[in-house]
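I have placed the structure first, in the form of structure tokens, so that the comments after it can refer back to it.
Numbering (my numbering), first residue to last: 4 to 246.
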């Protein structure tokens, strides 16, 4: 993995934006794999700024998000569709038909997982996959002990993951217990992977991803197998890294 230590969150966000923009400049119909949460918010803000300056068009871009909660109403403000609309989709020239998330309201969840995998294949696969990093090593919502061979699937969310996401909800009991997520094999199929890691609370997870033996007990170690991974970590997250 190519680990780049950034001065701060602002620097991390600028570099992440530049990598996404470079893909689009090289390939106008890029397929982007996108993540939610607090870490990529700065990247999305800078992508919107570039678009508003006329420097970047998403007109031919397709996007596939990593995951979506199961059971939240479609109009709930904390679905990941709502997050993406708020942070990117509604602010740039992406075509709605080219923005994809799993359907957490699907009546047949297994069929929905298969549909999402098929859509990814039809699009030609992901060019650049953006990832965050969970405290327990999860990528997407692939919790510890998820097989590295997993495709898009339904997952029971780990207690630590639900606790980490509780800050977005009025009541911690409102955090969904299940989600649909791209599998680890699905993620590894991307041509390039960009991992964003920010904050001192992620330092231990970053060390685990880089230095632990590759094991499903810490899902992010699967990224050690991929030939083209860039990690952008701010100085707080990178504190304690050797070398």
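Where a beta carbon is used, it is the ideal one built from N, C-alpha and C, also for glycine. Owing to the predicted nature of the structure, the values given are computational and were not obtained by experimental measurement.
Alpha-carbon spacing of residue i relative to residue j, whole angstroms
i: residue 7; j: residue 110; result: 43 Å
i: residue 14; j: residue 100; result: 32 Å
i: residue 75; j: residue 91; result: 21 Å
i: residue 141; j: residue 82; result: 19 Å
i: residue 187; j: residue 211; result: 17 Å
i: residue 202; j: residue 138; result: 11 Å
i: residue 174; j: residue 167; result: 12 Å
i: residue 177; j: residue 130; result: 34 Å
i: residue 228; j: residue 78; result: 38 Å
i: residue 120; j: residue 107; result: 15 Å
i: residue 1; j: residue 115; result: The chain is shown from 4 up to 246; residue 1 falls before or after that span and cannot be answered.
Which residues DSSP lists as bridging residue i, in chain order
i: residue 51; result: Looking at the DSSP assignment, residue 51 forms no beta bridge with any residue, so it has no partner.
i: residue 214; result: In DSSP, residue 214 forms no bridge with anything.
i: residue 65; result: 34
i: residue 157; result: 183
i: residue 71; result: 183
i: residue 102; result: 66
With 16 other Cβ atoms within 10 Å as the buried cut-off, status of residue i
i: residue 162; result: exposed
i: residue 204; result: exposed
i: residue 243; result: exposed
i: residue 172; result: exposed
i: residue 84; result: buried
i: residue 216; result: exposed
i: residue 56; result: exposed
i: residue 152; result: exposed
i: residue 145; result: buried
Terminal residues of the beta strand (DSSP E) in which residue i lies
i: residue 27; result: Per DSSP, residue 27 belongs to no beta strand (DSSP E); it is in the alpha helix (DSSP H), 12–29.
i: residue 6; result: 5–9
i: residue 236; result: 232–237
i: residue 199; result: 195–200
i: residue 129; result: Premise fails: residue 129 is in no beta strand (DSSP E) and is neither H nor E.
For residue i, the first and last residue of its enclosing alpha helix (DSSP H)
i: residue 190; result: 187–191
i: residue 124; result: 112–125
i: residue 164; result: 162–168
Rounded Cβ spacing between residue i and residue j (contact assumed at less than 8 Å)
i: residue 226; j: residue 4; result: 7 Å
i: residue 182; j: residue 160; result: 6 Å
i: residue 135; j: residue 42; result: 5 Å
i: residue 69; j: residue 45; result: Not quite, the Cβ-Cβ distance comes to about 18 Å (not below 8 Å), so this is no contact.
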